[in-house]
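Chemist:
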Amino acid sequence: MKRSSFIALMCGFALPFFAQQSTSYTGAVINQVKVLETQQSDVAIKTNIPTERTIDGENNGIAEAEIYTMRCGNHKLVLKADGYYTLRKNLTIRPNVPNEFFFRMKKKTSFPRPTQWQQFVMLDYTWGKVRYPDESSTSSLGLRYGWQKVVGWYVAMNVSLQGSHYAMTTTYLGETNRISRNKFSLMGGANFWLGCPLYFYTGIGYGYENALAVSPDGKYTRPYYYYDDFPNNGVAWECGLQGGYKGVTVRLGYALVGSKSDVFNEVSLGVGYTFDLKK
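According to the numbering used here, the sequence shown is numbered sequentially starting from 1.
#1: Using a Cβ-Cβ cutoff of less than 8 Å, which residues in the same chain neighbour LEU143 once the five nearest sequence positions on both sides are dropped?
#2: For LYS108, which residues from the same chain have a beta carbon less than 8 Å from its beta carbon, with the 5 sequence-adjacent residues on both sides left out?
#3: Measuring CA to CA, which of TRP153, THR69 and GLN116 is closest to GLN39?
#4: Give the C-beta separation of PRO112 and TRP193 to the nearest angstrom, bearing in mind that I take them to be a contact with Cβ-Cβ under 8 Å.
#5: With a threshold of 16 other CB atoms inside 10 Å of the CB of ILE93, please say whether the residue is buried or exposed.
#6: Opposite PHE275 in the DSSP bridges: which residues?
#7: So VAL257 packs on ALA236, CB below 8 Å; how close in whole Å?
#8: Give a yes or no on whether the C-beta atoms belonging to GLN242 and TYR273 are separated by under 7 Å.
#9: By alpha-carbon positions, which one of ASN48, ASN59, GLY247 and PRO95 ends up nearest to VAL271?
#10: Roughly how many angstroms separate the alpha carbons of SER140 and TYR254, rounded to a whole number?
#11: From the DSSP output, in three-state form, read off ILE30 for me.
#12: GLN116 and PHE275 - do their beta-carbons sit closer together than 7 Å?
#13: Can you tell me which of the three DSSP states THR249 falls into?
#14: If you run the structure through DSSP and keep just helix, strand and coil, what is VAL43?
#15: Can you tell me where the beta strand (DSSP E) holding GLY83 begins and where it ends?
#16: Taking C-beta to C-beta, are PRO50 and GLU66 nearer than 7 Å?
#17: Measure the alpha-carbon distance for SER180 versus LYS106 and round it to whole angstroms.
#18: Do you know whose CA, among SER137, LEU198 and TRP127, lies nearest THR249's CA?
#19: Using a threshold of 7 Å, state whether the C-beta atoms of TRP153 and ALA211 are closer than that.
#20: Where does SER180 fall in DSSP's three states?
#21: In three-state terms, what does DSSP make of ARG104?
#22: Answer with buried or exposed for VAL43, where buried requires no fewer than 16 other C-beta atoms within 10 angstroms of its C-beta.
#23: Can you tell me whether LYS76 is helix, strand or coil according to DSSP?
#24: Give the straight-line distance between the Cα atoms of LEU252 and LEU77, rounded to the nearest whole angstrom.
#25: Going by DSSP, which residues form a beta bridge with VAL311?
#26: Is it buried or exposed, TYR245, if we count other Cβ atoms within 10 angstroms and call 16 or more buried?
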């Protein structure tokens with residue numbers, strides 16, 4: 001057999017095989033071999049904002065709506081935009097059907113740095129326990145006022161309501177007396193912006209407490225000398241978190257008030273209003 005005839009025969013056998021592997025559209029018939037699936041398709045990718053697109057590791061620039069010619073099958077898409085959360089998606093491209101995708105980018109929650117001074121005023125309520133005479137609790141009301149920006153300041157004052165009253169038999173008079181506990185605290189400190197509508201505050205000040213014995217008939221009140229430590233006073237310290245929304249401000253804090261002999265461990269709550277200062 002001549003060499004030319006042999007080459008022609010081999011090409012006749014190979015042509016249908018390569019036609020099946022390289023054709024990129026459905027329904028084509030080459031040398032009686034029908035191609036069953038496509039290899040590429042047009043893909044429309046749209047977003048609500050211009051995004052930087054990376055498809056299968058290849059950066060395709062920034063666009064809001066664009067049509068790509070892509071191989072059918074699975075692909076990895078990454079969408080990025082400043083101030084928005086990065087979006088990662090797996091795309092499946094199918095032959096002979098519209099491949100249209102729309103992705104909505106979500107904006108990151110941001111808290112702009114405070115640039116304007118604010119004033120706040122709050123009504124405080126505190127509750128805590130004291131060690132003497134018998135682990136009783138006491139409460140107080142107070143006012144709090146301050147300014148805040150990135151760093152600010154505040155002052156606060158608390159005064160006991162009616163003290164904590166409880167029955168106790170004293171050896172001093174041999175009768176049952178009500179014990180009234182009076183307290184007072186004055187605080188001052190700083191508040192610090194935490195990068196969101198929330199502030200951390202801490203301060204120190206002065207705390208005072210006294211215990212009074214009230215006669216059963218309420219006709220007289222005298223200092224309660226069962227413990228020689230009263231009245232006592234000492235350093236007061238507090239810390240907590242304060243935040244607000246649309247002017248309404250709330251606070252939760254913890255305080256230590258008193259001296260070495262008797263310390264108040266207090267939890268305090270506050271509700272108030274914050275308003276901007278005009279420039």
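Glycine is no exception: its CB is placed at the ideal position from the N, C-alpha and C atoms.
Modeler: So, to answer that:
#1: VAL121, MET122, LEU123, ASP124, ALA156 and MET157
#2: GLY83, TYR84 and TYR85
#3: THR69
#4: Incorrect: roughly 11 Å between the Cβ atoms, too far for contact.
#5: Buried.
#6: GLN119
#7: 4 Å
#8: no
#9: For VAL271, the closest of ASN48, ASN59, GLY247 and PRO95 by C-alpha to C-alpha distance is GLY247.
#10: 14 Å
#11: Residue placement at ILE30 is flagged as unreliable, the pLDDT there being 48, under the threshold of 50; the coordinate-derived value follows with that caveat. In this structure, ILE30 counts as strand in the three-state DSSP scheme.
#12: no
#13: strand
#14: strand
#15: It is not in any beta strand (DSSP E) - GLY83 carries neither H nor E in the DSSP assignment.
#16: no
#17: Rounded to whole angstroms, SER180 to LYS106 spans 59 Å at the Cα level.
#18: LEU198
#19: no
#20: strand
#21: coil
#22: buried
#23: Reduced to three states, the DSSP call for LYS76 is strand.
#24: Roughly 46 Å between the two C-alpha positions.
#25: Nothing about residue 311 can be reported from this structure: the residues present for the chain run from 1 to 279 only.
#26: With fewer than 16 Cβ atoms within 10 Å of its Cβ, TYR245 is classed as exposed.
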